[in-house]
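Each remark here refers to the structure printed beneath this line.
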Amino acid sequence: MTEPPIAFKTVTLCDKRWVDQLVLAENSPSADYNFGNIYIWDKRYRQLIARVGDRMITKLRYEGKPAFVFPIGTGPLRPAVDLLRDFAAWRGYPLIIRGITDVHCEQLEREYPGCFTYTLEENNLDYIYRAEKLATYAGKSLHGKKNHCNRFEAEHDWQFLPLTRDLIPGCMDMLDVWTEDNLQRLDRSVAYEHDAIIRAFAAFERLGLEGGVLQAEGKIVGFSLGEMCADDTFDVHFEKAQIDMNGAYPMVCRELTRMLLERHPGLVYMNREDDMGLDSLRQSKLSYKPEYLLNKYIARWIDD
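All residue numbers for the sequence shown refer to my numbering, where the first residue is 24 and numbers rise by one.
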């Protein structure tokens, strides 16, 4: 075979319309499929996409190795997976599909019983929260977050504003300081994240992202942005706050959720994405008491 079985292409903003249609049809709470994440993380994962019928196929490089993402959308699954098998064979590497949810495991097993092995990706689980809980911090388990917010409100002249183009330069300035302050504490993934945030800001409107900015005494001390990934779930791509300002992080989380609940009456869950395998980030995400963790697996085709 001289021609590739799949005509992959690089991701551009022109792809958003058809990708969004398939994401909406998939309606998954996972952070892996929405167009914003595909686009803004392209530099790190070198993602290529293709449409097969009413499904999207994504090829990427993860830790330097080729892999695919589950073919989201509607319609028959087998033609898309068969093409992935053909492409992997054409390139001479194993068929590995990442970001597989429990629902996807069931779908693959129905089509290919016993043909895949599944390994839980412990560092890639999405933390899913009840929006109403993050908007109020009600209950004993979140009492500490509520106290931090009360202290912040008492100590500062603050406001939370919807993220707009004119606020982005100030957010970028805060991001530069945050990155410099945390570079030694975190691994090199913080550099990739910095690039992804800049890419998100650059195409903020065209990506359809939503976000908010926390100001104290007129200075930007936090921001957050993301997008709806399912009809009842918002995916928080990034959340940054001044780490030495008590209560700044809980305030950004609470105020963004309140703003989104007003905008999206059907909003039930907030996906605050994975912890990247960082213990400090894991402890922080657990402290907000997730409703559940969305399992994700690596599916590997068993060679004959």
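C-beta atoms are modelled at their ideal positions from N, C-alpha and C, and glycine is treated no differently.
Beta-carbon gap between residue i and residue j smaller than 8 Å
| i | j | result |
| --- | --- | --- |
| residue 244 | residue 271 | yes |
| residue 64 | residue 253 | no |
| residue 100 | residue 134 | yes |
| residue 124 | residue 321 | no |
| residue 198 | residue 263 | yes |
| residue 57 | residue 258 | yes |
| residue 255 | residue 289 | yes |
| residue 188 | residue 227 | yes |
| residue 325 | residue 138 | yes |
| residue 283 | residue 233 | yes |
C-alpha gap between residue i and residue j, whole angstroms
| i | j | result |
| --- | --- | --- |
| residue 13 | residue 25 | The structure shown has nothing for residue 13, since the chain only spans 24 to 327. |
| residue 235 | residue 292 | 18 Å |
| residue 183 | residue 238 | 6 Å |
| residue 149 | residue 194 | 25 Å |
| residue 323 | residue 249 | 31 Å |
| residue 158 | residue 276 | 8 Å |
| residue 311 | residue 285 | 21 Å |
| residue 116 | residue 278 | 46 Å |
| residue 31 | residue 53 | 23 Å |
| residue 174 | residue 181 | 12 Å |
| residue 41 | residue 78 | 10 Å |
| residue 166 | residue 191 | 32 Å |
| residue 307 | residue 287 | 26 Å |
| residue 177 | residue 59 | 36 Å |
| residue 136 | residue 163 | 45 Å |
| residue 144 | residue 161 | 31 Å |
| residue 153 | residue 242 | 30 Å |
| residue 205 | residue 33 | 32 Å |
| residue 156 | residue 246 | 20 Å |
| residue 294 | residue 251 | 9 Å |
| residue 127 | residue 80 | 14 Å |
| residue 132 | residue 225 | 41 Å |
| residue 240 | residue 196 | 16 Å |
| residue 62 | residue 179 | 36 Å |
| residue 89 | residue 69 | 10 Å |
Residues of its chain near residue i, where Cβ-Cβ distance is below 6 Å and the 5 sequence neighbours each way are ignored
| i | result |
| --- | --- |
| residue 229 | 36 |
| residue 305 | 298 |
| residue 82 | 31, 71, 91 |
| residue 109 | 28 |
| residue 146 | 300 |
| residue 201 | 263 |
| residue 111 | 118 |
Same chain, Cβ closer than 7 Å to residue i, neighbours up to 5 away in sequence not counted
| i | result |
| --- | --- |
| residue 171 | 269, 270, 273 |
| residue 315 | 151 |
| residue 169 | 160 |
| residue 185 | 235, 282 |
| residue 55 | 92, 122 |
Cut-off 8 Å between Cβ atoms - residues of its own chain near residue i, not counting five sequence neighbours on either side
| i | result |
| --- | --- |
| residue 215 | 64, 66, 67 |
| residue 86 | none |
| residue 318 | 124, 125, 143, 148 |
Residue ranges of each alpha helix (DSSP H) within the stretch 55-141, 4 or longer:
58-63, 65-68, 101-114, 125-134
Are the stretch 87-105 and the stretch 114-122 touching by the rule of at least three beta carbon pairs closer than 8 Å?
yes
What runs of the alpha helix (DSSP H), each 4 residues or longer, lie entirely inside the stretch 241-318?
271-286, 302-310
What beta strand (DSSP E) runs, 3 residues minimum, are completely inside the stretch 132-191?
139-143, 149-153, 181-185
Determine contact between the stretch 296-314 and the stretch 103-112, defined as no fewer than three beta-carbon pairs at a distance below 8 Å.
no
Count the C-beta pairs between the stretch 45-54 and the stretch 69-84 that are closer than 8 Å, then say yes if the count reaches three, no if not.
yes
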